[in-house]
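Peer 1: The opening residue of the sequence shown carries number 205 in the numbering used here; numbering runs sequentially from there.
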Amino acid sequence: MSFSFGFSSKDFSDDEIDNDGLLAGSEAVSPASSVNPLDDGRLLGKDVVQPQWQNLKAVLDSLKDVRVSFEQFPTPRNSTVLYRRELFDVKHQLMSEAGDGDEDSVELDILMGETSEDLRKNVYEGGLKSWECSIDVVDYLSELKSGLEDIDCVLELGCGTALPTEYIYSMFLQLQPTTDLTFILSDYNRSVLRLVTIPNLIITWAKVVLSEDQYSQLQKCNDETIPVRSDELLLTQQLLDAFYHDMQARKIRINLMSGTWGRSFTNLLAPTLNAHSGILAITSETIYQPENLPVVAETLLDVILANKGSKVKALVAAKNIYFGVGGSMMEFEKYLQKRIQQDCLPIIYHTQKVDAGLKRSIMFIE
Numbered sequence: 205m206s207f208s209f210g211f212s213s214k215d216f217s218d219d220e221i222d223n224d225g226l227l228a229g230s231e232a233v234s235p236a237s238s239v240n241p242l243d244d245g246r247l248l249g250k251d252v253v254q255p256q257w258q259n260l261k262a263v264l265d266s267l268k269d270v271r272v273s274f275e276q277f278p279t280p281r282n283s284t285v286l287y288r289r290e291l292f293d294v295k296h297q298l299m300s301e302a303g304d305g306d307e308d309s310v311e312l313d314i315l316m317g318e319t320s321e322d323l324r325k326n327v328y329e330g331g332l333k334s335w336e337c338s339i340d341v342v343d344y345l346s347e348l349k350s351g352l353e354d355i356d357c358v359l360e361l362g363c364g365t366a367l368p369t370e371y372i373y374s375m376f377l378q379l380q381p382t383t384d385l386t387f388i389l390s391d392y393n394r395s396v397l398r399l400v401t402i403p404n405l406i407i408t409w410a411k412v413v414l415s416e417d418q419y420s421q422l423q424k425c426n427d428e429t430i431p432v433r434s435d436e437l438l439l440t441q442q443l444l445d446a447f448y449h450d451m452q453a454r455k456i457r458i459n460l461m462s463g464t465w466g467r468s469f470t471n472l473l474a475p476t477l478n479a480h481s482g483i484l485a486i487t488s489e490t491i492y493q494p495e496n497l498p499v500v501a502e503t504l505l506d507v508i509l510a511n512k513g514s515k516v517k518a519l520v521a522a523k524n525i526y527f528g529v530g531g532s533m534m535e536f537e538k539y540l541q542k543r544i545q546q547d548c549l550p551i552i553y554h555t556q557k558v559d560a561g562l563k564r565s566i567m568f569i570e
């Protein structure tokens, strides 16, 4: 049985697009700057965290003997079951680990409300919280009726709690796939990958794969005094080892990259992507800053255009307007349309509205 998700332009409504797949009624825009946003010098600034691969084994080792609290919750539209680590539990771990002046201490200050911020540019990009559009993507994926065949690599940009990846990962665990699957999870903050991205995948694995006896014994490790609760998971060495070895047995590769996007990021990413024939790129709630919007767009374009020998599709989920910040789905569409027209790119895109009080959309690019 092959593992597949399917979507095409037919899955999206065309009430906002014309026959060429472009935004209906949009005005012509001026040509882009000769400097690609991926090569913007500000992305190499001393205050910007540069991209680098993170070692999964090292991340797992850093979680040894941490007890995580989590919640099980349904998505609003399709009641798809997801798991995520509780934010209060993340705060507790940050409080126990943070030292004065380090990155985690700054994140703790923000999370505790001491700075009146949800994020801080070049310091913390909000990845410890789950944002609405990532759940929209899960609902969209769960509604697919036919298969997008031969997907062997899922790339999530700005993954944070990684709920879309978690959903695909969960489905993969429940199937008997004939192909390997690689996940590439990127977030600006290494601590986000460590504190929520990987814990959410471990929790999902424990809930989907383990029997009740395995769930209990891997936490107790022959110590019957250790409590086992349905909404907590003690990350013992035995449990972490079981997770790691099961990923190897199932041929699931989990790659982690921290740091900013830009040319250095895409150069690091290229060799891994080039090894795959079917790529699904996902990003949600990443275009809220006008100066970063072109960087997100160019990163996706680079992934698509640099892998012409592969089937590459992308999903972009965002609020229609980020009030008080400046980014918007409309501006993203305009930028993408400009690039397609200016360079005659072989790319089409379509946008679907999300039925919600706060206006949001999902864009499909191929």
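All C-beta atoms in this analysis are idealised placements derived from N, C-alpha and C, irrespective of residue type, glycine included.
Please classify W257: does DSSP put it in a helix, a strand, or coil?
Peer 2: It is a strand residue.
Peer 1: For the beta strand (DSSP E) that T487 lies in, which residues bound it at each end?
Peer 2: Element bounds for T487: G482 to S488.
Peer 1: When the Cβ atoms of the segment 521-531 are set against those of the segment 489-501, are three or more pairs found closer than 8 Å?
Peer 2: Yes, the segment 521-531 touches the segment 489-501.
Peer 1: Straight-line CA distance for E336 to L247?
Peer 2: Answer to the nearest angstrom: the Cα atoms are 27 Å apart.
Peer 1: Is the beta carbon of V342 closer than 8 Å to that of T284?
Peer 2: Their beta carbons are under 8 Å apart, which means T284 touches V342 by this criterion.
Peer 1: DSSP beta-bridge partners for E360?
Peer 2: DSSP, once it has assigned bridges, lists L389 and I486 as partnering E360.
Peer 1: List, from N- to C-terminal side, the beta strand (DSSP E) runs of 3 residues or more that fit wholly inside the segment 405-472.
Peer 2: Within the segment 405-472, the complete beta strand (DSSP E) runs of at least 3 residues are 436-439 and 456-462.
Peer 1: Tell me the DSSP bridge mates of F274?
Peer 2: Paired residue(s): R289.
Peer 1: My assumption, with CB atoms under 8 Å, is that Q423 sits in contact with T440. Please give the rounded CB distance.
Peer 2: So it is a contact: roughly 6 Å between Cβ atoms.
Peer 1: Out of Q442, F376, I355 and K333, which one is the CA nearest neighbour of C363?
Peer 2: Ranking the options by Cα distance to C363, first place goes to K333.
Peer 1: Might you give, ordered along the chain, the residues of its own chain that have their beta carbon closer than 7 Å to the beta carbon of Y328, omitting 5 neighbours on each side?
Peer 2: Correct list, in chain order: V310, E311, I314 and N393.
Peer 1: Once you ignore the five residues that flank T279 on each side, which residues in its own chain have a CB closer than 6 Å to its CB?
Peer 2: Same-chain partners within the cutoff: I339, V342 and D343.
Peer 1: On the three-state DSSP scale, how would you describe D222?
Peer 2: In this predicted model, D222 has a pLDDT of only 36, less than 50, meaning its place in the structure is not dependable; the value taken from the coordinates is given anyway. Three-state DSSP puts D222 in coil, outside helix and strand.
Peer 1: What is the rounded straight-line gap between the Cα of E360 and the Cα of L414?
Peer 2: Cα to Cα, E360 sits roughly 26 Å from L414.
Peer 1: Per DSSP, R564 forms a beta bridge with which residues?
Peer 2: For R564, which the question treats as bridged, DSSP gives the partners K523 and V558.
Peer 1: If you measure between the beta carbons of T476 and I388, is that distance less than 8 Å?
Peer 2: Taking 8 Å as the Cβ cut-off, T476 and I388 qualify as a contacting pair.
Peer 1: DSSP beta-bridge partners for V516?
Peer 2: Beta-bridge pairing links V516 to I483.
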